[in-house]
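The sequence shown begins at 1072 in my numbering and counts up one residue at a time.
One structure is given here, and the rest of the page talks about it.
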Amino acid sequence: MYKRFIFLSLFILISGCATSNSGESLSIFYTEKSANLETHRTTKVWTNYEDMKAQWRAEAINLNTGEQVFYGSMGPASAPGASLEIRKFIKDICEKRYNNWGIRQESGIDCVISRYQDEIYYKDFEDLKDSYFKTALRTGDTNYMRKLWNQNELEQIKRARQEKEKMQKEIVLAGLLSRCEGFGWKDEDDLASCVQQEAYRDLQLEKQKREIKFLEQKLATAQNSYIDDDEPLFFLFLDAYAQSKQRESILQMKKDIARLKASNKYKGSSTEAALRSLYRTNN
């Protein structure tokens, strides 16, 4: 096997050619780039990513400007795991990590890989912003990609996050309260105690379901692929009600229950359906 590998490597080096993405025989020194990548000389210049022929291809989006740049190479150094792997290479170019003398520098530019081979992670800058907006809404964290948004957009994310928290908290409490009333509890102390127990029960059950789902995804997905393992937002509220052992927490829960029952958002059995839907669509 080792001799076969050596022979194949020597053959490629001697012939100087390899099969391209389009099935053509191209030199291993063949390179290509987007027209807006002016500082790098290549064999071919393209306007569209889809026109590239190289075996290894990647595109990056500049978060500072929204500009997209791409690069392709036939060389073995561009393969996964190589020192000049194509994704790292185009990211370094996009972020201007090195000056014209090859010396590493801090440019203040951040770029994100948007395409690799035939995979499309983000179609364009707006698609990337929309994806990161959803991530920020889910996690509540906008610091990691703050430069993506202006102040108005950051305020919009904050308001949307607060509204989402309020809505999910109401759904969780209303669903648990309706369930406990269905058990026959009427007294506010009994209801508060029941809500606490049911919150703990649901939290443990939903965590088990999520763990099973996570393991199934891990088995079915390529080894290095990204899997979203952020906990759903409703876990926070289930945990809060499950941990309501101190007097202040119990009193706050009773206030929440009284306020919810007085509002027009508490509609008996329909709240349990809303809770099941929340679990199903966010876990």
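We treat Cβ as the ideally placed atom computed from N, Cα and C, and that holds for glycine.
Model, not experiment: these values are computed from the prediction.
| field | Three-state secondary structure assigned by DSSP to Thr1102 | value | strand
| query | Residues in its own chain within less than 7 Å of Leu1219 by CB, not counting five upstream and five downstream? | reply | Cβ within range, chain order: Leu1134, Lys1200, Tyr1203.
| query | Would the beta-carbon of Leu1349 fall within 8 Å of that of Phe1285? | reply | no
| task | Report yes or no: do three or more beta-carbon pairs, one from the stretch 1320-1331 and one from the stretch 1261-1268, lie closer than 8 Å? | result | yes
| task | Could you check the C-alpha separation between Glu1156 and Ala1150 for me, to the nearest Å? | result | 5 Å
| Which residue comes first and which comes last in the alpha helix (DSSP H) that contains Ser1144? | No alpha helix (DSSP H) holds Ser1144; the beta strand (DSSP E) holding it covers 1139-1144.
| query | How long is the line joining the alpha carbons of Ala1345 and Phe1254, rounded to whole angstroms? | reply | 18 Å
| Residue from Val1183, Asp1189, Gly1146, Ala1148 with nearest C-alpha to Ile1164 | Val1183
| said: Do Glu1343 and Ser1249 count as a contact pair if the criterion is CB distance below 8 Å? | reply: yes
| said: For Glu1177, report the span of its beta strand (DSSP E) as first-last. | reply: For Glu1177, there is no enclosing beta strand (DSSP E), as DSSP marks it with neither H nor E.
| task | Starting from the N-terminal side, write out each stretch of the beta strand (DSSP E) that is 3 residues or longer and does not extend beyond the stretch 1183-1230. | result | Qualifying beta strand (DSSP E) stretches: none in this window.
| message | Suppose contacts are defined by Cβ-Cβ distances below 8 Å. Is Ile1328 in contact with Leu1225 by that definition? | response | Contact flag unset, no.
| query | Which value, in whole angstroms, describes the spacing of the CA atoms of Ala1311 and Glu1287? | reply | If you draw a straight line from the Cα of Ala1311 to the Cα of Glu1287, it is about 28 Å long.
| With a Cβ-Cβ cutoff of 8 Å, do Gln1139 and Ser1185 count as a contact? | The Cβ atoms of Gln1139 and Ser1185 lie closer than 8 Å to each other.
| Ala1131 (DSSP reduced to helix, strand or coil) | strand
| Mind checking Thr1352: buried by the 16 CB within 10 Å criterion, or exposed? | exposed
| task | Answer yes or no: do Ala1125 and Glu1103 have a C-beta to C-beta separation smaller than 8 Å? | result | yes
| field | Distance, Gln1222 Cα to Asp1181 Cα | value | 19 Å
| request: Assign Lys1115 to one of three DSSP states: helix, strand, or coil. | output: Looking at Lys1115 - three-state DSSP - the assignment turns out to be strand.
| Close-in-space but distant-in-sequence residues of the same chain around Phe1331 (CB under 8 Å, 5 per side omitted) | Looking at the sequence itself, residue 1331 is Leu, so the reference to Phe does not match. Exclusion of the five residues before and after Leu1331 leaves Glu1241, Leu1244, Ala1245, Leu1248, Tyr1337 as the residues of its chain whose Cβ lies within less than 8 Å of its Cβ.
| message | I'd like to know whether the C-beta atoms of Ser1096 and Thr1090 end up nearer to each other than 8 Å. | response | yes
| query | How big is the Cα-Cα spacing for Arg1347 and Glu1269? | reply | 13 Å
| field | Classification of Ile1161 by the beta-carbon crowding that lies within 10 angstroms, buried from 16 upward | value | Around the Cβ of Ile1161, a 10 Å sphere holds 16 or more other Cβ atoms; the residue is buried.
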